[in-house]
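Notes to accompany the following structure.
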Amino acid sequence: MGISKMQGAGSCSPLRQQCEDKEVSHEDSTSRPSVTLSERIKELELRNQELRECYDELEEQKHEIEKERKRFAKKAGDLEITLYNKREQLWGEISDLQDALKAKKEELQEALESRANHRQAERILRDELGFLRRRLRDQDVSLSQSTIESNEKAREANEREELLQESVKELEQRLQDQIELIGVQQARIVEVTAESSERARDACEKELFLKEKIANSVSV
652 MGISKMQGAG SCSPLRQQCE DKEVSHEDST SRPSVTLSER IKELELRNQE LRECYDELEE
712 QKHEIEKERK RFAKKAGDLE ITLYNKREQL WGEISDLQDA LKAKKEELQE ALESRANHRQ
772 AERILRDELG FLRRRLRDQD VSLSQSTIES NEKAREANER EELLQESVKE LEQRLQDQIE
832 LIGVQQARIV EVTAESSERA RDACEKELFL KEKIANSVSV
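Pasting the structure below:
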């Protein structure tokens with residue numbers, strides 16, 4: 652609005668000076684004693700016409716200045732609304748990012764706790780496997796020393812040995828599965844950490860871009 656007033660004042664000043672010059676010139680001409688009444692009337696009419704034209708031009712310039720002022724006022728209002736919307740949008744995106752980071756943090760914490768549980772389960776399985784292997788070894792010793800047992804007992808012992816071996820294989824397979832699952836969890840933790848860092852970096856870059864854009868809009 653200040654710019655439009657300065658421009659309006661600059662364009663109106665020469666016109667006012669021109670009107671004042673015409674008025675001074677007319678006073679000089681009417682002050683001469685040789686001017687007749689008819690000529691003076693004509694000069695007054697001419698002066699009145701010129702003043703009216705000057706007044707019309709001044710009114711037109713005033714109207715243009717007012718239009719310019721309203722235009723700049725509307726532009727300032729639109730810019731303020733745009734800045735407000737951008738600011739609200741940015742805060743919304745920041746809030747969403749914070750929620751996402753919080754969710755990822757909770758997911759990572761759960762993964763870490765799950766990993767600890769897997770380690771505990773691995774220790775338990777190793778203990779069970781060691782116990783079963785000791786039992787199998789003890790059973791082998793017992794079988795080698797039981798030469799006086801009947802064939803039925805020998806068959807039962809063989810069956811028990813097979814069952815124990817199957818149990819050992821199952822436990823070994825479970826242990827291997829747990830180890831593979833732990834590896835998958837570790838890879839997932841690394842992936843989640845990388846995704847969180849990437850989203851945080853993208854959010855910072857986007858926030859910086861919006862701030863620069865808003866600053867450029869304000870300076871314009």
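Just so you know, we're using this note's numbering here: the sequence shown kicks off at 652 and counts up by one.
All C-beta atoms in this analysis are idealised placements derived from N, C-alpha and C, irrespective of residue type, glycine included.
The three-state secondary structure of Thr733, taken from DSSP, is helix. DSSP, reduced to helix, strand and coil, places Thr687 outside both helices and strands of the structure shown, so it counts as coil.
Non-local beta-carbon contacts of Thr733 in its own chain, meaning distances under 8 angstroms to residues more than five positions away in sequence, involve Ser868 in chain order. When only Cα atoms are considered, Lys721 and Glu711 end up about 15 angstroms apart.
Around the CB of Ile716, 16 or more other CB atoms lie within 10 Å, so the residue is classed as buried. A distance of 9 angstroms or more separates the beta carbons of Gln816 and Ala762. A Cβ-Cβ distance of about 7 angstroms is found for the pair Leu822 and Leu783, placing them in contact under the 8 angstroms criterion. Cβ-Cβ distances below 8 angstroms link Gln790 to Ala808, Arg811, Glu812, Leu815 in the same chain, with the five nearest sequence neighbours on each side left out; the list follows chain order. With three or more CB-CB distances shorter than 8 angstroms, the stretch 736-754 counts as touching the stretch 838-851.
DSSP assignment within the stretch 707-780 yields no whole alpha helix (DSSP H) run of 4 residues or more. Distance between Gln740 and His714, taken at the CA atoms: about 39 angstroms. The C-alpha of Thr687 is placed about 22 angstroms away from the C-alpha of Leu702. Sequence-distant partners of Glu803 (beyond 5 residues in either direction) whose C-beta falls short of 8 angstroms from its own C-beta are missing from its chain.
Residue nearest to Ala772 within the set Glu696, Arg825, Leu695 is Arg825 (criterion: CA-CA distance). Here the C-alpha atom of Arg774 lies approximately 10 angstroms from the C-alpha atom of Gly781.
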